[in-house]
Amino acid sequence: MTDRLKGFLKTITNRWNKLTGAQKTAVISIIATVFLAFIILYFFASRTNYETLISSDNTKDISTVADLLEGEGIEYKLASDNRSLLVDSSKYSDAVLLVYSSDVPTTGLTVDELLNNGLNTTNSERNLKNHLYIQTEIRRNLLNMNGVTDAQVTYVPQDNSYSILSERDDYPASVALIVNSDF
Numbered sequence: 055m056t057d058r059l060k061g062f063l064k065t066i067t068n069r070w071n072k073l074t075g076a077q078k079t080a081v082i083s084i085i086a087t088v089f090l091a092f093i094i095l096y097f098f099a100s101r102t103n104y105e106t107l108i109s110s111d112n113t114k115d116i117s118t119v120a121d122l123l124e125g126e127g128i129e130y131k132l133a134s135d136n137r138s139l140l141v142d143s144s145k146y147s148d149a150v151l152l153v154y155s156s157d158v159p160t161t162g163l164t165v166d167e168l169l170n171n172g173l174n175t176t177n178s179e180r181n182l183k184n185h186l187y188i189q190t191e192i193r194r195n196l197l198n199m200n201g202v203t204d205a206q207v208t209y210v211p212q213d214n215s216y217s218i219l220s221e222r223d224d225y226p227a228s229v230a231l232i233v234n235s236d237f
């Protein structure tokens, strides 16, 4: 076995010595280029790609999701805007299921989203957006109260728009509060 190896090395050495200077330079350049290509390929293949999991203005939501991800051992990083969490794209579906299965509150509808209507927005869609905005505002007002840790609001108005003569009624709302000792 060692004799074959020694014979192989002698053959390589003899062929190398027969090459001209330009040929030696070309062989070294090709080997270096192939080696560098493998290094670059390895770098890009092993690089972690991140996808945005959640973006929120509410830092409580971001920290809650970060705690959930740490508990499950899913790697994440905070985006440069400090309002978004990024997770490894290979674990993205697991992270989405984890966030959706937990009761992490959403930020709700904003005024910009309420007023962002196109020409194809129907009246019922505008009414639905308005009701979602009111639901979000009720939740925000409840969260600003002392002693309220979290609030879930369901606001379902009845549609009485069939007649001009119909009176405006108070709309029912269902509210679930999580309170602390300050309440």
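Numbering (our numbering), first residue to last: 55 to 237.
All residues carry an ideal CB built from backbone N, CA and C; glycine is no exception.
No experiment lies behind these values; they were computed from the predicted model shown.
field: For Y104 and D142, believed in contact at Cβ under 8 Å, the rounded distance
entry: Indeed they touch by this definition, with Cβ atoms about 6 Å apart.
query: Among Y225, D236 and N174, which one has its Cα closest to the Cα of N28?
result: Outside the shown range of the chain (55 to 237) lies residue 28, about which nothing can therefore be said.
query: Is S235 helix, strand or coil by DSSP?
result: Here S235 carries a coil assignment [DSSP, helix/strand/coil].
- prompt: Helix, strand or coil: how does DSSP classify Y154 here?
  reply: Helix, per DSSP.
message: Beta-carbon within less than 6 Å of A133's beta-carbon, same chain only, minus the 5 sequence neighbours each way: which residues are those?
response: The answer, listed in chain order, is L140.
query: I82: buried (16+ other C-beta within 10 angstroms of its C-beta) or exposed?
result: Residue environment: I82 is assigned as exposed (fewer than 16 neighbouring CB atoms within 10 Å of its CB, all protein chains considered).
Continuous beta strand (DSSP E) stretch holding K131: start and end: Residues Y130 to L132.
- request: Note down the Cα distance separating K114 from L231, rounded to an integer number of angstroms.
  value: Their Cα atoms are separated by approximately 16 Å.
query: Does DSSP put S141 in a helix, a strand or coil?
result: What sits at residue 141 in the sequence shown is Val, not Ser. Note: V141 maps to strand in three-state DSSP.
Candidates L196, I116, L107 and N181, of which the one nearest A149 by Cα: Cα-wise, what sits closest to A149 is L107.
task: Starting from T209, follow the beta strand (DSSP E) in both directions and report where the run begins and ends.
output: Reading the sequence as shown, one finds Tyr at residue 209 and not Thr. Secondary structure note for Y209: its beta strand (DSSP E) is the uninterrupted segment V202 to Y209.
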